[in-house]
Amino acid sequence: MTLGEALRRSTEHLAAKGSGTPRLDAELLLGRALGLQRIELYMALERPLTAAELAAARALLARRAAREPLQYVLGEWGFRRLTLGVDRRALIPRPETETLVERALSLVAGLRAPRVLDVGTGSGAVALAIADEHPGAHVASIDVSAEALALAAENVHRTGLRVELVRHDLFDGLPAGPWDLVVSNPPYVDPAEIDGLAPEVRDWEPRGALVAEGAVEAVARGALAVLAPGGALALEVGDGQTPAVSALLCALGYGSVAVTADLSGRDRIVEGVRP
């Protein structure tokens, strides 16, 4: 079988199994199996595949066909300027979370050495991106999951960036500051909606990182107690949740409450400033 034939068959197979991006998935998985970049695949479409190459490709494709997320199958994913290790221990870093980082960096842009707390760090994506793009920042991260913190530690080692990792439950309050910025992508999926999510999310990503009733409010209340005067809170929330979260921040006493849309135009980021 040639590489071109394998690419065609793989795309058709993944489409039949429900992948929303079957061609891209097939390109990336075949590239991983063969050690080729996507552009290199198209320069070798007539090359016959060896038995070992076919076996490696089929193993990866079978995982994706079972609706395991592409990112988990590949074992890594890009987030802003970084390439991070990803697996079932934490949520997959998503494009909308890059907008959260954008707002976080803007909120501390004028500070030489801001103290930043990332709540619910997961893979460490947000904390590491901030540390990467604001080298003066002192970044600490918390998560209740020991497995997620282990993955974050691997990414700290992988990137060589400086981020402090602490196991801590956000429902116990937040670590004492004062912090110049508290940033969080907390669990915000309604328990009643979990069964309606795509299999890649529902069946593979950690449930505790998706659903935790009251997490958004707990972060907002906790941050108010540990932020420095003038310090900011930035939250990523679910689609359609920004009006309620904005009202919550106003009720708690935050000022300068604002909403930012993600790259797809959906309002997803809510921020406020402690008086």
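Mapping the sequence shown onto UniProt numbering, position 98 (from 1) lands on 98, and the numbers just tick up by one. Backbone N, C-alpha and C fix where the C-beta goes; we use that ideal spot for every residue, glycine too. Note that the coordinates shown come from a computational prediction; the quantities given were computed from them, not determined experimentally.
Going by beta carbons, leucine 263 and proline 95 fall inside the 7 Å limit. Taking the CA atoms as reference points, leucine 235 sits about 25 Å from glutamate 76. When only Cα atoms are considered, leucine 117 and aspartate 239 end up about 24 Å apart. Under the rule that a run must span 4 or more residues, the alpha helix (DSSP H) segments found entirely inside the stretch 172-236 read 199-202, 207-210 and 215-226. Residue environment: phenylalanine 79 is assigned as buried (16 or more neighbouring CB atoms within 10 Å of its CB, all protein chains considered). Along the length of the stretch 85-157, whole beta strand (DSSP E) runs at least 3 residues long occupy 115-119 and 138-143, reported in chain order.
If you draw a straight line from the Cα of proline 187 to the Cα of valine 119, it comes to about 10 Å. Nearest to aspartate 87 by C-alpha distance, out of Gly122, Leu36, Arg158 and Leu3, is Gly122.
Residue state for proline 243 is assigned as helix, using DSSP reduced to three classes. In this structure, alanine 131 and alanine 137 form a Cβ contact; the two beta carbons are roughly 6 Å apart against a cut-off of 8 Å. With at least 16 other beta carbons inside 10 angstroms of its own, aspartate 180 counts as buried. Nearest to glutamine 241 by C-alpha distance, out of Gly231, Ala65, Cys250 and Val270, is Val270. For glycine 78, the beta-bridge partners assigned by DSSP are Thr83.
In this chain, the beta strand (DSSP E) harbouring serine 256 covers 255-261. Between the alpha carbons of leucine 105 and glycine 20 lies a gap of roughly 32 Å.
Put simply, of Val257, Thr99, Asp172 and Val201 the residue whose alpha carbon is nearest the alpha carbon of alanine 225 is Asp172.
For alanine 176, the CB contacts under 8 Å within the same chain, skipping 5 residues up- and downstream, are Val226 in chain order. Contact check for valine 182 against leucine 111 fails: the beta carbons are separated by 7 Å or more. Annotated three-state conformation of threonine 50 is coil, per DSSP. Around aspartate 25, the same chain offers Leu14, Ser19, Arg64 and Leu70 as residues with beta carbons nearer than 6 Å, after the five sequence neighbours per side are excluded. Around the CB of aspartate 143, 16 or more other CB atoms lie within 10 Å, so the residue is classed as buried.
Cβ atoms of alanine 33 and alanine 57 come within 8 Å of each other, at about 4 Å. Exposure of glycine 230 is indicated by the presence of fewer than 16 other C-beta atoms within 10 angstroms of its C-beta.
Between valine 156 and valine 163, the CB-CB gap stays under 7 Å.
In the three-state scheme derived from DSSP, where H, G and I count as helix and E and B as strand, threonine 11 is classed as helix. Excluding five sequence positions before and after glycine 4, the CB atoms of its chain that fall closer than 6 Å to its own CB belong to Leu45, given in chain order.
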